[in-house]
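Remarks on the structure that follows.
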Amino acid sequence: MPPSPGSTTEPRTTARALLDAAGRTASLLTAVADPARIAPPTTWTITETAAHIVAELGTHADLAESGRVPQLGEVSAARRGRRANAEQLGAFAERDLATLAAQVVPAAAHAVDVIGSLPAGQLIPSSNALMRTPEQTLALLLGEQLVHGHDIAH
């Protein structure tokens, strides 16, 4: 798959980085001593943060497969993102940290399979209703692993 216009990385590189980061996230989650502790700067517990990480992978894979654009109202992308995160955490019930740790890598692999199979220029809706290419979506999911992995580690 060739890089999309203006791209600096190849989607396979981003996909590999996402899978590697998901493996590190899973390992990190298995080492957490207090899953009820807050993962700053969020207001979420470590368990809720892990649930968000897993749910975000699944949500983006589902959106890529369905093409459905979330209807979150006419507010800013940041507000839509906060609303989408709250709805996602409400709908995603798993809160056992060991189970979530075991789900991270398979969820990332599924997202890579689904999103990586799409044409480079196809636009995919994100959970906050912004449209992104497959490479941008994989990079977004990689960022979720890195940012929230950092939150959990601290």
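In terms of the working numbering, the sequence shown opens at residue 4 and continues consecutively. Virtual Cβ for every residue (Gly too), placed ideally from N, Cα, C. Computed from a predicted model, the values in this text were never measured in an experiment.
query: Using a Cβ-Cβ distance under 7 Å, would leucine 92 count as near chain D?
result: The structure shown contains no chain D, having only a single protein chain.
task: May I ask which residues mark the beginning and end of the alpha helix (DSSP H) holding aspartate 99?
output: Note, aspartate 99: premise wrong, no alpha helix (DSSP H); not H, not E.
query: Helix, strand or coil: which one does DSSP assign to leucine 22?
result: Residue state, collapsed to three classes: helix.
message: Using the Cβ count rule (16 or more neighbours within 10 Å means buried), how would you classify arginine 82?
response: That one is exposed.
task: Quick one: using the 10 Å Cβ neighbour count with 16 as the cut-off for buried, is proline 38 buried or exposed?
output: Its Cβ being crowded by 16 or more others within 10 Å, proline 38 is buried.
Cut-off 6 Å between Cβ atoms - residues of its own chain near alanine 142, not counting five sequence neighbours on either side: Take alanine 142, set aside five residues on each side of it, and the residues of its chain with a beta-carbon closer than 6 Å to its own are Thr17, in chain order.
message: Within the continuous alpha helix (DSSP H) that includes threonine 50, where are the two ends?
response: Per DSSP, threonine 50 belongs to the alpha helix (DSSP H) from 49 to 69.
- request: Could you tell me whether the stretch 125 to 141 touches the stretch 25 to 42, using the rule of 3 or more Cβ pairs below 8 Å?
  value: The stretch 125 to 141 vs the stretch 25 to 42: no contact.
field: Minimum C-alpha distance to glycine 26 - residue among Ala58, Pro73, Pro109
entry: Taking only the C-alpha atoms, the option nearest glycine 26 is Pro109.
task: Give the DSSP-derived three-state secondary structure of arginine 86 in the structure shown.
output: Three-state result, arginine 86: helix.
message: Does glutamine 74 pass the burial test, meaning 16 or more other C-beta atoms within 10 Å, or should it be called exposed?
response: That one is exposed.
query: Are the beta-carbon atoms of leucine 2 and isoleucine 155 separated by less than 7 Å?
result: The requested residue 2 is not part of the displayed model; the chain covers only 4 to 157.
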